[in-house]
Amino acid sequence: MKEIKRRNAWIAFSPALVVFLAGVFVINWQLWHSDQATHVAAARQAAKKIAAILDEAHAATATALNVSRSGCSGQGQFQLGTEAALQPHLRTILLIKDGQVWCSSLPGNRVLTLHPESLPDEKLQLLPARMMVNKRPVLIYHTRSAQVRVIVSISDIHLRDALYSDEDNAGLALSVNHQMIARYGDVEPLKASPHQDIF
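Numbering (my numbering), first residue to last: 111 to 309.
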């Protein structure tokens with residue numbers, strides 16, 4: 111008799127347990143999916159901001175190429191300095207000619223990049239702090255024409271602002287040519303942690 115009561119109780123309890131477990135599964139799936147959608151939206155927003163910064167670098171490159179055609183005069187340096195100052199995310203604009211810094215957006219053709227003439231011909235490159243005069247990492251936007259190389263540097267502060275503008279994108283990092291920059295620290299070799307999305 112006791113066994114029949116137990117079996118009847120188990121039969122009555124089993125559907126309730128199944129419904130409860132199904133509810134827990136559905137809620138967890140919805141939370142996971144919602145978190146993923148939020149993370150993807152944050153990554154898209156960060157990518158748009160990085161693209162806008164690269165558009166600024168492209169516009170600065172066009173100005174630099176115009177300056178290179180007219181020569182690096184005081185007026186040319188002024189144009190480069192003005193372009194670097196007016197574009198909110200740029201640090202410096204350099205023109206390299208015959209293996210030397212020919213013109214700079216900084217007064218007196220100064221540079222913040224140590225040995226910019228030795229940088230490889232990569233369109234984008236992350237430079238670690240040790241390669242900069244002020245010990246701050248930068249993103250380099252590089253263009254080569256027949257006469258000159260144009261190097262535009264973008265501050266790490268602006269890159270991090272673009273990547274981490276809200277709490278939903280705390281796990282993002284920017285990767286360029288097997289180098290990455292994350293929320294804190296210097297440029298490092300590319301490594302992916304389970305809690306970090308790289309784009």
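By construction, the Cβ of each residue, glycine as well, lies at the ideal position given by its N, Cα and C atoms.
Limits of the beta strand (DSSP E) - the one that residue i falls within
i, result
"Ala292", "Note, Ala292: premise wrong, no beta strand (DSSP E); not H, not E."
"His268", "His268 -> not in any beta strand (DSSP E); alpha helix (DSSP H) instead, spanning Asp266 to Leu273."
"Thr253", "Val248 to Arg254"
"Val286", "Leu282 to Val286"
Residue nearest to residue i in terms of C-alpha spacing, selected from the options
i, options, result
"Gly186", "Leu204, Leu200 and Pro198", "Leu204"
"Arg246", "Leu222, Glu232, Ser228 and Ser255", "Leu222"
"Ser285", "Leu300, Asp296 and Asp271", "Leu300"
"Val177", "Asp165, Glu166 and Glu193", "Glu193"
"Lys233", "Val248, Gly191, His252 and Met242", "His252"
"Val243", "Leu282, Leu224 and Gln155", "Leu224"
"Leu269", "Ile291, Gly281 and Gln257", "Ile291"
"Val150", "Gly295, Asn287 and Leu282", "Leu282"
"Arg240", "Val297, Thr202 and Phe123", "Val297"
"Asp208", "Arg201, Ile160, Ser228 and Gln235", "Ser228"
Exposure label - residue i; buried when at least 16 CB within 10 Å
i, result
"Pro226", "buried"
"Tyr274", "buried"
"Ile163", "buried"
"Val128", "exposed"
"Trp212", "buried"
"Leu196", "exposed"
Alpha helix (DSSP H) segment containing residue i, residue limits
i, result
"Leu300", "Here Leu300 belongs to no alpha helix (DSSP H), and DSSP marks it neither H nor E."
Okay, do the stretch 211–218 and the stretch 184–198 touch, 3+ Cβ pairs below 8 Å being the bar? The stretch 211–218 vs the stretch 184–198: in contact.
Does the count of Cβ pairs from the stretch 168–175 and the stretch 252–271 closer than 8 Å reach three? yes
Segments of 4+ residues assigned as alpha helix (DSSP H) that fall wholly inside the stretch 192–256: none
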